[in-house]
Ligand code: FAD
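Residue numbers (UniProt numbering): 4 to 483.
Shown next, in the form of structure tokens:
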């Protein structure tokens, strides 16, 4: 008698409730991963995500071998692959952890019905969220649209997140394992050019890598998180986002470990509360996506449908390549390209710059991030883009326009971040680092910078761009 455990965005063995449930049947458990590019449609995994996935699967397979099992890989539309596979191995049940992307919900519902029709049991669990979206409701019974009351309700009214469950010690496996495709044949890694060269220096996909990162964060950085989390030049945030996305660690493990650290280490309580509230933003984004499934494609506030967006491929390309002439923006876009990640403060700055200074639709930014972030996540990415654009549920007001110069001066005061990613400006004094076009000729000369040659002139003038964006906003305000 055999059951299937279907790995999805829960690529771990510990605190994996559906895997533990499968192990608890005492039947042979076959661990399956399906590479399904079809179901997500335009949200098929981007390049950077594929890189992370490849290594996370490789690591998971090794971990499963430690339990006497291994991973079976199949590619194709899961709606067909899973039932076929269940027939192939004569499975009596399938176990999985829930996903919240609209296309995944639709597919999983269809799969449940199809499998049950064939007398195959289906059991799903929650491995990815502290609070499932339908369990948090306003007094009048609807979903929350504003973060603070949402998070207050989670913390006050919802049952405390369960303690993480331990990894099963072993998995019963058949002598003859089903056929598996080869991970290397899936082409998830870049070949030429290898744009992911810098990734491995930063990321260790897989359960152990995630655990180590959490331990590093709690021991070395958590105490200062509140004060330093907005400083992109300092390693002050956890870097757990890709691990959370692929589920090689779960939010309950992080939540309880963080709470334990606050008890153990005096003076860290406030910082840890702030960190947990950031996990709360992740919960909120999933809450929004679940209740408003068109969040990735449609303005949550419909008045933005009439916003006079500009279509300008050249400007978009310069933004993507980190060649806008605004060093803080360019540093962020280059960090993204080189490492597959960008600091949250800088994500806000570059997103605001695209949407407001360049007046390019947030969907172009969302799509670029989708392809280039190792943590690309439908809920977090779409909620955050709509937040910055001003079109979202609990959004920053459109008229609040980030100034890329003063943001740099404030959050990268020593210029370490800009110098790391925009090395051609490394010798400019801090005073001019965030607005090199204001530097006198002799200063530029001494720093070895010729604007327009070594580093671009600014793509737009800040004040003029600001006025143009506010003008666009006035138009839709008048119309609504
Ligand atoms: P930490 O500060 O250590 O926070 C811990 C965890 O909390 C993160 O790993 C993440 O899971 C969650 N978190 C933190 N901030 C946010 C936030 N603002 N919204 C939702 N969850 C949050 N995050 C993604 O995971 N995937 C995305 O695709 C994504 N796209 C974004 C796009 C834009 C335009 C912006 C402004 C933000 C985006 N974020 C996204 C949110 C945030 O920038 C990252 O989660 C964060 O920078 C990850 O770094 P960290 O793990 O060191 O965060």
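By construction, the Cβ of each residue, glycine as well, lies at the ideal position given by its N, Cα and C atoms. The model shown is predicted, which means the values in this text are computed figures rather than measured ones.
{"Item": "Distance cut-off 6 Å: residue 446 Cβ against heavy atoms of the ligand FAD", "Value": "no"}
{"Item": "Environment of residue 162 [buried if 16+ CB atoms lie within 10 Å]", "Value": "exposed"}
{"Item": "Residues sharing a beta bridge with residue 275, DSSP", "Value": "DSSP, once it has assigned bridges, lists no residue as partnering residue 275."}
{"Item": "Distance cut-off 6 Å: residue 52 Cβ against heavy atoms of the ligand FAD", "Value": "no"}
{"Item": "Cβ-Cβ distance between residue 332 and residue 355 below 7 Å", "Value": "no"}
{"Item": "Proximity test, residue 350 beta-carbon vs the ligand FAD heavy atom, cut-off 6 Å", "Value": "yes"}
{"Item": "Where residue 97 falls: helix, strand or coil (DSSP)", "Value": "strand"}
{"Item": "Three CB pairs or more closer than 8 Å across the segment 49-56 and the segment 199-213", "Value": "yes"}
{"Item": "Unbroken alpha helix (DSSP H) run spanning residue 189, endpoints", "Value": "Run containing residue 189: none; DSSP gives neither H nor E here."}
{"Item": "For residue 422, the first and last residue of its enclosing alpha helix (DSSP H)", "Value": "419-424"}
{"Item": "Under the three-state DSSP convention, the category residue 490 falls into", "Value": "Because the chain is modelled from 4 through 483, residue 490 falls outside the range shown and cannot be assessed."}
{"Item": "Buried versus exposed call for residue 97 [16 or more other C-beta atoms within 10 Å across all chains shown]", "Value": "buried"}
{"Item": "Outcome for residue 410 when other beta-carbon atoms lying within 10 angstroms are tallied against a minimum of 16", "Value": "buried"}
{"Item": "Whole-angstrom C-beta distance between residue 275 and residue 261, which should lie under 8 Å", "Value": "5 Å"}
{"Item": "Near the ligand FAD: residue 284 beta-carbon under 6 Å from a heavy atom", "Value": "yes"}
{"Item": "Backbone secondary structure at residue 174 - three-state DSSP", "Value": "coil"}
{"Item": "Segment contact flag, the segment 435-445 with the segment 340-349, C-beta cutoff 8 Å, min 3 pairs", "Value": "no"}
{"Item": "Check whether residue 229 and residue 239 have beta carbons under 7 Å apart", "Value": "no"}
{"Item": "Where residue 244 falls: helix, strand or coil (DSSP)", "Value": "helix"}
{"Item": "Range covered by the beta strand (DSSP E) that runs through residue 1", "Value": "What the structure shows of the chain is the stretch from 4 to 483, and residue 1 is not part of that stretch, so it cannot be assessed."}
{"Item": "Runs of alpha helix (DSSP H) lying entirely within the segment 414-477, each at least 4 residues, in chain order", "Value": "419-424, 433-436 and 444-449"}
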